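Here the protein sequences come in this chain order: A and B. Numbered per this note's numbering, the first sequence finishes at 269, counting up by one with no gaps. Numbered per this note's numbering, the second sequence finishes at 501, counting up by one with no gaps. C-beta atoms are modelled at their ideal positions from N, C-alpha and C, and glycine is treated no differently. Values in this document were obtained by computation on a predicted structure and should not be read as measured data. Data first, discussion second: the structure below is written as structure tokens.
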Amino acid sequence: MEKFTLHTGVAAPMDRANVDTDAIIPKQFLKSIRRTGFGPYLFDAWRYLDEGQPEMDCTNRPRNPDFILNQPRYRDASVLVARKNFGCGSSREHAPWALLEGGFRVVIAPSYGDIFFNNSFKSGLLPIVLAEAEVDRLLHDIQAFPGFRLTIDLERQLVIWPDQSKSLPFEVDAFRKYCLMNGLDDIGLTMRHADKIRDFEQARRLSQPWLFPLELN
Amino acid sequence: MSATIASPTENSVMHQQTLYDKLWNQHVVHVEDDGTTVLYIDRQLLHEVTTPQAFEGLKLSGRKVWRLSANVATVDHSIPTTPPSEGIADPIARLQVETLDKNVREWGIKQYFEWGDPRQGIVHVISPEQGSTLPGMTLVCGDSHTSTHGALGALAFGIGTSEVEHALATQTLLARKMKNMLVQVDGVLPAGITAKDLVLAIIGRIGTAGGTGYAIEYAGSAIRALSMEGRMTLCNMTIEAGARTGMVAVDEQTLNYIKGRPFAPKGEMWDQAVAYWKTLVSDPGAKFDRVVQMNAADIKPQVTWGTSPEMVLSIEDRVPDPDKEKDSTRREGMERALKYMGLQPNTPITDIRVDKVFIGSCTNSRIEDMRAAAAVVRGRKKAANVKVAMVVPGSGLVKAQAEREGLHKIFLEAGFEWREPGCSMCLGMNPDRLEVGERSASTSNRNFEGRQGTGGRTHLVSPAMAAAAGIAGHFVDIRHWK
């Protein structure tokens with residue numbers, strides 16, 4: 053996982069609520085057994101006018117001119133600002149993978165689907181929660197000022213406006229912050245507790261042996 | 020007294036706990052300073068879509084599977100619903116299924132219900148069926164509808180692929196405790212009203228983000244009266260209310276359902292398990308952060324009209340008019356949904372005609388669902404405007420049971436298709452899907468844009484309502500079906 057400390061990038065607006073993970077990466081792409089290759093199909097059904105298929109070359113596919121991320125000013129966007137309940141629905145981690153490969157490192161929204169929120173941290177995508185009024189203001193500013201760039205300082209937990217005119221604090225769990233800032237694989241961190249897990253498991257094996265029936269066979 | 024089982028005595032000395040509190044506390048291995056918890060996982064279910072990258076990750080990092088016997092695998096999402104002997108035409112889907120076959124073999128996963136095994140089926144149907152879901156367990160799967168298993172008094176939730184790998188490698192997950200929500204439903208569901216209508220009504224009431232950050236417990240006389248299949252339908256769609264996990268306390272019905280299933284404890288161990296399982300109820304007076312109360316008698320047949328499960332109405336209603344919505348984000352969402360769905364405001368729901376009918380999915384593919392649909396279809400014919408009406412049992416065992424009861428003949432005689440088990444048109448990863456502009460009456464769980472096929476239009480309903488739409492060619496009020 054790539055480390056995340058400080059990030060500055062063009063912000064793109066996605067002015068809708070309940071953007072589900074089916075919209076972020078449609079199901080036909082989930083047949084892949086790889087962890088990469090999803091970027092070109094990010095928001096596929098919205099981005100293109102034809103129906104996307106896995107492994108398709110997207111260079112010459114007809115683009116939907118009405119889709120906001122197709123506007124040249126958002127081509128290099130790396131911060132996505134959306135409305136509430138972003139990433140609801142399916143547990144597919146392919147959604148944060150596709151966003152990362154599509155160039156995004158940060159999503160800002162008033163709320164998220166719980167599983168997407170969790171998956172994002174595991175993949176190195178930072179989901180930030182800001183109040184609805186602040187998101188309103190951001191969506192307005194992004195559209196009013198072409199090239200609007202935000203800086204996200206994870207260490208200080210701040211979202212900073214282009215000219216430093218304004219900054220907003222955000223919350224993040226200490227453990228998730230630590231993992232993200234250090235690009236840590238949390239399996240390695242959990243394995244520090246391997247002995248505790250083993251002891252717990254052994255006690256469980258004795259107290260609730262019916263949970264281990266396959267071992268009795 | 021073991022450290023891992025809190026006896027009722029211990030509980031009463033401690034503060035009053037909810038069912039979720041009990042299940043959570045039972046599985047805490049370690050807590051970090053900020054509350055991040057190493058939570059022990061008893062059971063992991065594996066399927067072909069969300070595991071290949073997890074096994075690859077294990078291999079790349081040189082790690083092992085912590086406890087092989089904790090894992091149960093099957094194929095469901097990418098397989099066609101035609102007989103396995105005909106194979107998988109799509110080479111990408113075939114590779115995904117073969118990759119699971121290979122991983123199961125190479126890593127030595129012991130329980131694998133592979134394609135063609137009579138016990139294969141949708142992961143959330145077969146695990147309870149096999150007794151591999153038990154009360155008091157933590158159970159995870161790389162699928163958001165894992166909440167289904169909470170119907171048996173388990174703590175069950177969907178995870179992403181990184182967490183699948185984490186659970187394989189450590190038999191734990193890093194998690195944070197959620198808040199408690201109680202959805203209390205009292206009274207009696209009217210005739211023809213099912214768990215599906217109830218859960219859609221709950222989602223309509225609290226919204227698709229209403230449960231975000233919560234674990235939901237369903238309680239009340241209407242929940243007690245639901246069959247285990249009904250409770251599974253209810254818990255299944257908890258994720259559509261925004262909550263990762265939903266659950267129902269253990270009662271006699273839970274125990275009767277589990278008894279005698281292949282992985283269920285037997286003999287003396289059964290008695291020992293039952294004694295513990297009976298403690299898996301919220302203590303009287305336990306505190307919930309939010310309580311939602313519903314009256315079962317008020318629930319009418321539900322039909323979704325839009326592109327989010329919260330866009331739901333009763334069969335008596337009309338398609339909503341965005342002009343009457345004051346909130347601009349909501350209004351724009353409604354306008355977008357109506358455009359996508361090809362619907363005009365104020366159209367009676369009963370005037371909406373359907374092109375396809377899908378009866379299946381982890382929400383509604385159990386034997387009770389098959390029976391409910393067959394009862395509506397019996398002796399009738401599919402409407403001429405309905406191109407396909409597809410019935411997809413949730414597992415090989417559901418299929419066999421339905422066939423013993425002759426249900427397949429009822430469907431076939433009516434012009435419905437009777438398929439092999441799998442996720443099928445719920446998400447259209449296989450060849451079963453909607454074409455652009457086609458409209459379905461579907462017993463599945465999501466009506467998102469493109470969910471059942473690019474450009475497809477989904478209306479979520481109960482099995483009886485879907486079956487009736489297949490016969491009438493449009494939505495009808497099942498309460499008046501004769």
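- Annotation for I497 of chain B: no beta strand (DSSP E) segment contains it, and DSSP assigns it neither H nor E.
- For E103 of chain A, the nearest beta carbon of chain B is closer than 8 Å to its own beta carbon.
- Cβ proximity to chain B below 7 Å picks out nothing from the stretch 181-205 of chain A.
- Straight through space, the alpha carbons of S217 of chain A and H164 of chain B are spaced by roughly 44 Å.
- For P78 of chain A, the nearest beta carbon of chain B is closer than 8 Å to its own beta carbon.
- Distance from the CA atom of F494 of chain B to the CA atom of W262 of chain A, rounded to whole angstroms, is 47 Å.
- If you draw a 10 Å sphere on the C-beta of S463 of chain B, you find 16 or more other C-beta atoms in it, and that means buried.
- Close to I111 of chain B, with beta-carbon spacing below 8 Å, are these residues of chain A in chain order: K83, S84, P106 and E107.
- With the criterion set as a beta carbon lying under 9 Å from some beta carbon of chain B, the members of the stretch 130-141 of chain A are R135, K136, N137, C140 and G141, in sequence order.
- Counting only runs of at least 4 residues, the stretch 207-259 of chain A fully encloses the following alpha helix (DSSP H) elements, listed from N- to C-terminal order: 226-234, 238-243 and 246-259.
- In the DSSP secondary-structure assignment, Y59 of chain B is bridged to B:T191.
- Under the three-state reduction of DSSP, I222 of chain B is assigned to helix.
- When the beta-carbon positions are compared, D346 of chain B and P482 of chain B stay at least 8 Å from each other.
- Burial check for A89 of chain B: the Cβ neighbour count within 10 Å reaches 16 or more, so the residue is buried.
- In terms of beta-carbon proximity, P261 of chain A lines the interface with chain B, with at least one pair separated by less than 8 Å.
- Taking the CA atoms as reference points, P339 of chain B sits about 9 Å from L332 of chain B.
- Taking a C-beta cut-off of 8 Å against chain A, the contacting residues of the stretch 45-56 of chain B are V48, H49, E51, D52, D53, G54 and T55, listed in chain order.
- In the DSSP assignment, L158 of chain B falls outside any alpha helix (DSSP H) and lies within the beta strand (DSSP E) extending over T157 to C160.
- Residue environment: R208 of chain A is assigned as exposed (fewer than 16 neighbouring CB atoms within 10 Å of its CB, all protein chains considered).
- Within the same chain, V62, P198 and G199 come within 8 Å of R125 of chain A by CB-CB distance, once the 5 residues on both sides are set aside.
- Within the stretch 104-166 of chain B, the complete beta strand (DSSP E) runs of at least 3 residues fall at 130-132 and 157-160.
- According to the DSSP secondary-structure assignment, G61 of chain A is paired through a beta bridge with A:L202.
- Excluding the 5 residues flanking it on each side, G489 of chain B has same chain C-beta neighbours closer than 6 Å at V376, K401, V405 and A408, in chain order.
- Note on geometry: alpha-carbon atoms of L245 of chain B and D193 of chain A lie some 51 Å from one another.
- When the five nearest sequence neighbours on each side are left out, the beta carbons in the same chain lying within less than 7 Å of the beta carbon of V187 of chain A are those of V133, R135, I160, A161 and P162, in order along the chain.
- By the criterion of a C-beta distance shorter than 7 Å, V218 of chain B is surrounded in its chain by T252, L253 and M256, once the five residues flanking it on both sides are discounted.
- For M353 of chain B, no pairing in a beta bridge is given by DSSP.
- Remark: C-beta atoms of R350 of chain B and P341 of chain B approach each other more closely than 8 Å.
- In this structure, the alpha-carbon of D40 of chain B lies about 18 Å from that of D270 of chain B.
- Shown here, P148 of chain A sits in a helix according to DSSP, grouped into three states.
- For P284 of chain B, the closest alpha carbon among the candidates B:L153, B:K306, B:S181 and B:L201 is that of B:L153.
- The DSSP assignment places complete beta strand (DSSP E) segments of no fewer than 3 residues inside the stretch 222-308 of chain B at 233-238 and 264-267, in order along the chain.
- In this structure, DSSP gives N199 of chain B an extended state, which the three-state scheme calls strand.
- One thing to note: L174 of chain B has its Cβ within 8 Å of the Cβ of T157 of chain B.
- In the three-state reduction of the DSSP assignment, Q363 of chain B falls in the coil class.
- Taking CB atoms only, T111 of chain A has no neighbour in chain B less than 8 Å away.
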